[in-house]
Amino acid sequence: MSVLIAGGAGYIGSTIASACLDEGITPVILDSLVRGRREFTGDRIFYEGDISDGALIDRIFSEHPDISAVVHCAALIVVPESVEDPIGYYEANVAKSLAFLGHLRRAGCDRLIFSSSASVYQADDGSSVNEDSPLRPQSPYARTKAVCEQMFADIAAAGRMRVLSLRYFNPIGADPRMRTGLQLKRPSHALGKMIQAHQEGTAFPVTGTDYPTRDGTGIRDYVHVWDLAAAHVAAIGRFDSLLTDSEPSMAVNLGTGSGTTVRELCAAFNRVVDTPLATVDAEPRPGDVAGGYTKSDRARRLLGWTPRLSLEEGIRSSLDWIPVRDAMLKD
Numbered sequence: 001m002s003v004l005i006a007g008g009a010g011y012i013g014s015t016i017a018s019a020c021l022d023e024g025i026t027p028v029i030l031d032s033l034v035r036g037r038r039e040f041t042g043d044r045i046f047y048e049g050d051i052s053d054g055a056l057i058d059r060i061f062s063e064h065p066d067i068s069a070v071v072h073c074a075a076l077i078v079v080p081e082s083v084e085d086p087i088g089y090y091e092a093n094v095a096k097s098l099a100f101l102g103h104l105r106r107a108g109c110d111r112l113i114f115s116s117s118a119s120v121y122q123a124d125d126g127s128s129v130n131e132d133s134p135l136r137p138q139s140p141y142a143r144t145k146a147v148c149e150q151m152f153a154d155i156a157a158a159g160r161m162r163v164l165s166l167r168y169f170n171p172i173g174a175d176p177r178m179r180t181g182l183q184l185k186r187p188s189h190a191l192g193k194m195i196q197a198h199q200e201g202t203a204f205p206v207t208g209t210d211y212p213t214r215d216g217t218g219i220r221d222y223v224h225v226w227d228l229a230a231a232h233v234a235a236i237g238r239f240d241s242l243l244t245d246s247e248p249s250m251a252v253n254l255g256t257g258s259g260t261t262v263r264e265l266c267a268a269f270n271r272v273v274d275t276p277l278a279t280v281d282a283e284p285r286p287g288d289v290a291g292g293y294t295k296s297d298r299a300r301r302l303l304g305w306t307p308r309l310s311l312e313e314g315i316r317s318s319l320d321w322i323p324v325r326d327a328m329l330k331d
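Heads up, the sequence shown is in the UniProt record's numbering, so the first residue is 1 and it goes up one at a time.
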């Protein structure tokens, strides 16, 4: 069995491809390489191109008629960039996704697993959310994900597609076999900033200490990217039992089910490294919020999925990936 992974040369898509390979599923990678890396496709079936290119999609399905499902990870994902260029984000993430679905329908493929995001929730008060929580996306990027989910649901309701939207929380870590990982040299998320501060011997600024959380610092739900990949493999295997004519679309949150505050992340980091990371309290940055985390009951019930890797394993994996990344990726 083969699965088409659009955006399969990116961080999450390439890790899903690794998990598929390990489970005997052949990944067929489609990526424009706007953000993905060719280095992540070396031992895989790879097509360079855009999801809106109908002729290319036709060719892929003609050459791989055993493709039974599609994982759609192709998107632009940088929030500040989306604020500066909303037209570009709606074009890349919404318009091209609509064209992509038209090409998939023409190819006779009606199984789509969509990489969505927890950013579709407001999640700014430190509390938990589930799939029935109100959607209040706060950036053009997040709104493109929410628009795509609704667009896909409408198409599914008309009997034209079945769509499972997987809403990721905060992925960290790398493929345990170090085949792929985060392609950015200087990631801007909290763990990336901690690693940078540790490498440079500087204090990590804890931005915001008066949020409505258990220790006053922001809270997020950090899930190992390898666990996310395992959830996709489970979704591929259970797709037909989950999505039917009567319920052709569904959203599932993918997170640990518990939040981690910034101070707790720092403590976990120090349990992994030899030299403790120094921290300094600082004022919140513009736009910072308390954050939130997910309840994972639906993923456990429907996918048989629960995260297996710990926060410390995600941190260690991220640290181990750095020298591999620097050797593999030529910036």
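Ideal placement from N, C-alpha and C gives every residue a C-beta, glycine not left out.
> Going by the beta-carbon positions, is the gap between ALA99 and ALA230 smaller than 8 Å?
Replying inline: no
> Any idea what DSSP makes of GLY291, helix, strand or coil?
Replying inline: strand
>> Check whether the stretch 247–265 and the stretch 175–186 are in contact - that is, three or more C-beta pairs closer than 8 Å.
In response: no
>> So if DSSP puts ASP224 in a beta bridge, which residue, or which two residues, is it bridged to?
In response: The residue asked about is misnamed: residue 224 is His in this sequence, not Asp. DSSP output for HIS224 lists ILE172 as bridge partner(s).
> When burial is assigned at 16 or more other CB atoms within 10 Å of the CB, is ARG44 buried or exposed?
Replying inline: buried
> Since LEU265 is in the alpha helix (DSSP H), which residue starts that stretch and which ends it?
Replying inline: 262–272
> My guess is that PHE239 and ALA69 are in contact by the Cβ rule of under 8 Å, so how many angstroms apart are they, rounded?
Replying inline: 6 Å
> Does DSSP classify ASN130 as helix, strand or coil?
Replying inline: coil
> For ALA17, which residues of its own chain have a beta-carbon under 7 Å away from its beta-carbon, when the five flanking residues on both sides are left out?
Replying inline: ILE5, GLY8, PRO27, ILE29 and ARG44
>> Does TYR211 come out as helix, strand or coil in the three-state DSSP assignment?
In response: coil
> Do you know how far the Cα of GLY208 is from the Cα of PRO65?
Replying inline: 53 Å
> Given residue 338, which residues of its chain have a CB within under 8 Å of its CB, disregarding the five upstream and five downstream residues?
Replying inline: Residue 338 falls outside the range modelled here, since the chain spans only 1 to 331, and no answer is possible.
> Applying the criterion that 16 or more other CB atoms from any shown protein chain within 10 Å of the CB defines a buried residue, is VAL223 buried or exposed?
Replying inline: buried
> Can you tell me whether PRO286 is buried or exposed, with buried defined as 16 or more other CB within 10 angstroms of its CB?
Replying inline: exposed
> How many Å lie between GLU63 and PHE46 at the Cα?
Replying inline: 12 Å
>> Using a Cβ-Cβ cutoff of less than 6 Å, which residues in the same chain neighbour LYS96 once the five nearest sequence positions on both sides are dropped?
In response: ILE51 and SER52
>> Can you give me the C-alpha to C-alpha distance between ARG271 and GLN199, rounded to a whole angstrom?
In response: 16 Å
> What residue from ALA158, LEU135, MET250 and ARG160 has the CA that sits closest to ALA146's CA?
Replying inline: LEU135
> Would ARG214 be called buried (16 or more neighbouring beta carbons within 10 Å of its own) or exposed?
Replying inline: exposed
>> Please classify VAL280 as buried or exposed, where buried requires at least 16 neighbouring CB atoms within 10 angstroms.
In response: exposed
> At a Cβ threshold of 8 Å, is GLY287 touching chain B?
Replying inline: Of the protein chains in this structure there is only one, and it is not chain B.
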